[in-house]
Amino acid sequence: MRRVTAIFAVGMLSAACGSGTVEQGQASPLDASSGSVAPQTPVPPTAGTSTPTTVQDEDEPLGHAAATKPGSVSVTPSGTSLDSADVIVAVVANGTAHTVYVEDMHTACSIAVLERQQAGDTWEPLAYCGAERLPLVLAVGAGRGRTVSIDPAILDAAGFALTAGTYRLSVGWRSAAQPAGVVEESVHSAAFQID
2 MRRVTAIFAV
12 GMLSAACGSG
22 TVEQGQASPL
32 DASSGSVAPQ
42 TPVPPTAGTS
52 TPTTVQDEDE
62 PLGHAAATKP
72 GSVSVTPSGT
82 SLDSADVIVA
92 VVANGTAHTV
102 YVEDMHTACS
112 IAVLERQQAG
122 DTWEPLAYCG
132 AERLPLVLAV
142 GAGRGRTVSI
152 DPAILDAAGF
162 ALTAGTYRLS
172 VGWRSAAQPA
182 GVVEESVHSA
192 AFQID
C-alpha cells in the first residue's frame, strides 16, 4: 500500500507541476545561480537514484572566473549598504583545490540563504523559493565562482518584504555531487545593511 501511495503522490506532483518541473536527466532552462535563462546540460544521474539533477552551464560548467580566498569557499556581496528594492548580488567563490557542489532552492530559488539579524547575534533565514521541484546541483570549480542574484520583488510578492536591518548570505556546499541535501560545510558573507 505504501508503494502505491508513493507512486500516486509522485504522479500527482508531476501532474501538478507540469512541464515546469525538472526531471532526472533533463536540463532546466533556469540558471539557479543568477536567475537567468541559460543553456545547460545535466550531468547523468547515478543508476537507481532519485536525486536532484546536477546542472552545468554549457559555457561555464564549473562557474565563471572569480577572485578567491585560497583554501576556502567564500560569499561576497556586491555592497555593504542597499536599498530595500535593490537586487542583492554576491559571488560564491571556490578557493579550494577541488570542485564543490551547491544546491539551489534557497532564497528566491538561488544557491544562497538570505539571513536577517535578530536581537543579539541570532540570524533568521529568509529561505522562500516557492518552486515545486527537486533542487538543482551546481558545480563550482577550483578558482571559479557563481553569481547569486536575489530580487526583493520576488520575496515581496510572496509576503516576505525586506525591512530595514542587517543581513548576510549563507551558502552550504559539499565535495561530491551526491548525496542530495547534504551540506558538509557552510560560509557566511560579511554583514550588510538594507535601508
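For what it's worth, this note's numbering labels the leading residue of the sequence shown as 2, then goes sequentially.
Built from N, CA and C at the ideal position, the CB exists for glycine as well.
Query: When SER111, SER75, GLU116 are compared against ALA162, the one with the closest alpha-carbon; Result: GLU116
Query: Exposed unless 16 or more other CB atoms sit within 10 angstroms - verdict on HIS99; Result: exposed
Query: Contact belief for GLY131 with GLY96 at Cβ below 8 Å, rounded distance in angstroms; Result: Their Cβ separation, rounded to whole angstroms, is 32 Å, which puts GLY131 and GLY96 out of contact at 8 Å.
Query: Distance between ALA158 and VAL92 (C-alpha atoms, nearest Å); Result: 25 Å
Query: Exposed unless 16 or more other CB atoms sit within 10 angstroms - verdict on PRO136; Result: buried
Query: Reference TYR129, options GLY146, MET106, THR123, closest by Cα; Result: MET106
Query: Proximity to GLY121 [Cα-Cα], best of VAL183, SER187, THR167; Result: THR167
Query: Closest by C-alpha distance to VAL74, when choosing among SER190, GLN194, ASP87; Result: SER190
Query: Endpoints, the beta strand (DSSP E) within which ILE151 is located; Result: 145 to 151
Query: Nearest-angstrom beta carbon gap, LEU170 and LEU127 [assumed within contact, 8 Å]; Result: Rounded, the Cβ-Cβ distance is 10 Å, inconsistent with contact.
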